[in-house]
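Novice: One gets the numbering used here by counting positions in the sequence shown from 1 and adding 1 to each.
Every residue gets a Cβ at the ideal spot worked out from N, C-alpha and C, and that includes glycine.
Pasting a structure here, questions to come.
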Amino acid sequence: MTVDNIRIKVTMKDMDPEFLKEVIEKCREDNILNCYQCGICSSGCTISKDIISPPHRLIAMTLMGLRDQVLSDPSIWICSYCHTCTERCPKNVNFSHILAFLRNISAEYGYTSKEELPWKTYKGAIDMNYDFGAGIALITSQLAKTNRVRTKLGLPPIPKIDMDEIHKIMDFLKSRERVSKKLEEKK
Ligand code: SF4
Ligand code: SF4
């Protein structure tokens with residue numbers, strides 16, 4: 002198989018139907034088979050400039066059963082879980098959830114065991130949660146905009162995050178120390 006920024010050339014031996022079957026079975030609600038490759042997910046993806054394989058391409062590769070290529074692709078570890086891909090998809094494909102599953106099996110099947118990147122990703126997520134109480138920090142203007150939409154929909158504003166409680170839980174679990182230690186081991 003050869004890959005560049007636009008094309009993927011594959012042969013039959015690269016394709017593993019069992020891989021696609023596994024994704025379909027484990028992500029039943031996520032509608033991967035609905036994808037018709039419009040690319041709207043990728044056009045809104047907040048990290049598309051930093052990755053080789055944007056969302057629609059990872060989906061195409063998964064639909065072709067390219068197990069090794071998908072599970073060893075560093076792009077799956079760079080996603081910021083902004084969920085824009087899922088929100089924009091006209092066919093209700095929940096790509097951010099599918100991506101979480103791909104990360105899990107990538108680690109489970111040992112594709113990433115020697116890699117530093119997954120642990121950098123986890124450290125970033127842990128730090129964000131410790132500092133902002135969420136995987137993605139909403140800046141004040143975004144928060145105001147989101148709350149305006151919520152009000153229009155008759156929903157209450159986003160509840161204030163109890164940072165003391167989050168710190169207490171994360172300190173008790175030693176989350177930051179544990180992930181930093183793992184990251185050091187991978188260097
Ligand atoms: S937006 Fe939906 S249908 Fe379009 S390429 Fe992305 S996942 Fe597929
Ligand atoms: S959730 Fe990840 S893949 Fe989807 S748009 Fe955001 S950064 Fe891109």
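Strictly closer than 7 Å from CB to any heavy atom of ligand 2: give me those residues in the order they appear in the chain.
Specialist: Checking every Cβ against the heavy atoms of ligand 2 under 7 Å gives C42, G45, C46, T47, I48, S49, P56, C80, S81, Y82, C83, H84, T85, C86, T87, F96, S97, L100.
Novice: Looking at I33: is its Cβ nearer than 8 Å to the Cβ of T63?
Specialist: Cβ atoms of I33 and T63: closer than 8 Å.
Novice: Mind the definition here: the region 167-185 touches the region 102-116 only if three or more C-beta pairs lie below 8 Å; say whether that holds.
Specialist: Output reads no: the region 102-116 does not touch the region 167-185.
Novice: May I ask you to report which of helix, strand or coil DSSP gives I99?
Specialist: Reduced to three states, the DSSP call for I99 is helix.
Novice: Just checking V94 against ligand 1 - is the residue's beta carbon closer than 7 Å to any of the ligand's heavy atoms?
Specialist: V94: yes, Cβ under 7 Å from ligand 1.
Novice: Hey, would you say the C-beta of I140 is under 7 Å away from at least one heavy atom of ligand 1?
Specialist: I140 Cβ: outside cutoff for every heavy atom of ligand 1.
Novice: Any heavy atom of ligand 1 within a distance shorter than 7 Å of the CB on C90?
Specialist: Yes, the beta carbon of C90 sits closer than 7 Å to at least one heavy atom of ligand 1.
Novice: What is the DSSP secondary structure of K10, counted as helix, strand or coil?
Specialist: Note: K10 maps to strand in three-state DSSP.
Novice: Between I9 and ligand 1, is the CB less than 7 Å from at least one heavy atom?
Specialist: No, the beta carbon of I9 sits no closer than 7 Å to any heavy atom of ligand 1.
Novice: Is there at least one non-hydrogen atom of ligand 1 closer than 7 Å to the beta-carbon of C28?
Specialist: No - ligand 1 has no heavy atom lying nearer than 7 Å to the Cβ of C28.
Novice: Please classify V94: is it buried, with 16 or more other beta-carbons within 10 angstroms of its beta-carbon, or exposed?
Specialist: V94 is buried by the Cβ-count criterion.
Novice: Between F133 and C28, is the Cβ-Cβ spacing less than 8 Å?
Specialist: Taking 8 Å as the Cβ cut-off, F133 and C28 do not qualify as a contacting pair.
Novice: Using CA coordinates, which residue listed in W78, C39, E117 is at the minimum distance from I53?
Specialist: For I53, the nearest C-alpha among the options comes from W78.
Novice: For G45, which option in H57, A135, C36 has the closest C-alpha, if you only look at C-alpha atoms?
Specialist: Taking only the C-alpha atoms, the option nearest G45 is H57.
Novice: Looking only at its chain, what residues have a beta carbon closer than 6 Å to the beta carbon of L21, apart from the 5 residues adjacent to it on each side?
Specialist: Counting only Cβ-Cβ distances below 6 Å, and skipping sequence neighbours, we find G66.
Novice: Between the C-alpha atoms of L144 and P18, what's the straight-line distance to the nearest angstrom?
Specialist: Each residue's alpha carbon lies about 43 Å from the other.
Novice: Using the rule of at least 16 other Cβ atoms within 10 Å of the residue's Cβ for burial, across every protein chain shown, is F96 buried or exposed?
Specialist: Answer is buried; the Cβ neighbour count reaches 16.
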